[in-house]
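Take the sequence shown: its position 258, counting from 1, is numbered 263 in the working numbering, and each next residue is one higher. The C-beta atom is built at its ideal place from N, Cα and C for all residues, glycine as well. Because the structure is a prediction, the values reported are computed rather than measured. Remarks on the structure that follows.
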Amino acid sequence: MRVEEFHQILRATGRYVTPAGMRKGRPQRAGFFATWSYAWCSVSRVLAAARAARCGEFDAMMWARIVFVAWRKAERKGGVITLDGFDHLTQVGGPVVYAANHMSMLETFILPAALIGHTPISIVLKESLLRYPVFGPPLTQTEPIAVSRKNAREDLALVLREGRAKLEAGRSVLLFPQGTRRPVFNGAEFNSLGEKLARQAGVPLVPVALQTDFQGIGRVIKDFGRVDPSRPIRFAIGEALGSEIPKGERHRRCVAFIEERLRDWGMPVVTDKGER
C-alpha cells in the first residue's frame, strides 16, 4: 500500500486498522531483536529523508511517504495500528491545532504520515532535535516550531507567533501540551497552549488521544526505547472544537476526550482523585 492509498482510505472511511493479512502469527517478543530491527528501519528512513533534503526534494508528501515506511515496519513487527475519527477532519476542510498526549517518540515519527493527508503540518518540538546529526536537516525542512524549554514565557510567545503564521499559511500545528513523554496521563499537566493558539488563529482545536507504548522511553537515549510488538498502537482524533466554545470549556473537552479514550484502552489516567 502506498501512502496515497492510505490517505484515500482515511478520507473515505474515517479510520484505519492494520490489515489482517499483515498479522501473521504471534507478534515478535519484546527484546533486542525487535528493538534493533525497528530502530534500523527508523534510521534508514532518516537517511532517506536526509538524502531527499540535500537534493531539494523533501516536501510534505515526501515526508509522509518516508515515515509511512516506518508505520508499515511497525505493523510487520506485529504491531496493530488503529486510527479512528479522521472523518472529523474531513468536515473541517482547513488547518487545525492538534493537541495530543505524549507517550513516546513513535507518535512524533509516524503520526504525521496520517495527518498530512488532511493538510501539511508543523510540529512543536524541542530545539535540540534539530541539532541531531543527519536527522536535523530534514526535520528542519518540515517547518517545525522549535522551543528551547529554558524559558516558558519565551516559548509561549514563540509558539503563538509562529503557530499563527503557519496556520494562516494553511499548515496545521501538532503540539504535545504535556511537554514531556509520560506513560500515565495526568490532565493537570496538560496545559492550555493548544486552546490559546487555536483561539488566537481562529481555527478549530482537535484533541488527539494516543497509545504508543509499543516503543518505550530509552534509558540511555530517551528517543530510542525498547520495542514491544505486543502493545497496540492507537490514535483517536476527536471532534473539532470551534471557537464558539468558551475557552475554559474547550480545553476541558479536549482533556476529557483524551482521558475517556485512554480509559477505554485500559491505560492509567490520573485525576484529582488519584490514578485509575
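Bounds of any beta strand (DSSP E) do not take in valine 164; it lies within the alpha helix (DSSP H) bounded by 157-173. Boundaries of the beta strand (DSSP E) around lysine 131: 126-131.
Straight-line measurement puts the Cα of threonine 276 at about 14 angstroms from the Cα of arginine 266. The beta-bridge partner set that DSSP reports for arginine 20 consists of Asp89. Phenylalanine 181: not part of any beta strand (DSSP E); DSSP gives it neither H nor E. Rounded to the nearest angstrom, the gap between the Cα atoms of leucine 135 and alanine 54 is 14 angstroms. Counted as a single uninterrupted DSSP element, the alpha helix (DSSP H) harbouring proline 143 occupies residues 141-145. Residue burial annotation: lysine 155 is exposed, with fewer than 16 other C-beta atoms found within 10 angstroms of its C-beta. Serine 127 and valine 101 have their C-alpha atoms some 11 angstroms from each other. Between the C-alpha atoms of leucine 15 and methionine 66 there is a straight-line separation of about 16 angstroms. Phenylalanine 195 carries a coil assignment under DSSP once its states are collapsed to helix, strand and coil. Residue Ser248 holds the alpha-carbon nearest to the alpha-carbon of alanine 206 among Val213, Gln183, Ser248 and Ser235. DSSP places proline 212 in the uninterrupted beta strand (DSSP E) bounded by 210-216. Going by C-alpha positions, alanine 105 is about 14 angstroms away from leucine 246. Under the 8 angstroms Cβ criterion, the region 118-133 counts as touching the region 147-161, having at least three qualifying pairs.
If you draw a 10 Å sphere on the C-beta of glycine 26, you find fewer than 16 other C-beta atoms in it, and that means exposed. The beta-bridge partner set that DSSP reports for leucine 246 consists of Leu210. Among the bridge pairs identified by DSSP, tyrosine 137 is matched with none.
For glutamate 9, the closest C-alpha among the options Ser109, His123 and Gly253 is that of His123. Within a 10 Å sphere around the beta-carbon of glutamate 62 sit fewer than 16 other beta-carbons, which makes this residue exposed. In this structure, the straight-line span from the alpha carbon of glycine 243 to that of valine 85 is close to 20 angstroms. Contact between histidine 107 and phenylalanine 219 does not hold, since the beta-carbon distance rounds to 14 angstroms and is not under 8 angstroms.
Contact annotation: the region 161-177 does not touch the region 252-260, with fewer than three C-beta pairs closer than 8 angstroms. Beta-bridge pairing by DSSP links glutamine 220 to Val232. In terms of Cα proximity to glycine 271, the closest of Arg257, Ile238, Arg258 and Cys259 is Ile238. If you check the CB distance, valine 129 and valine 178 come in under 8 angstroms. Scanning its chain for C-beta atoms nearer than 7 angstroms, with the 5 sequence neighbours on each side dropped, one finds around arginine 70 the residues Val8, in chain order.
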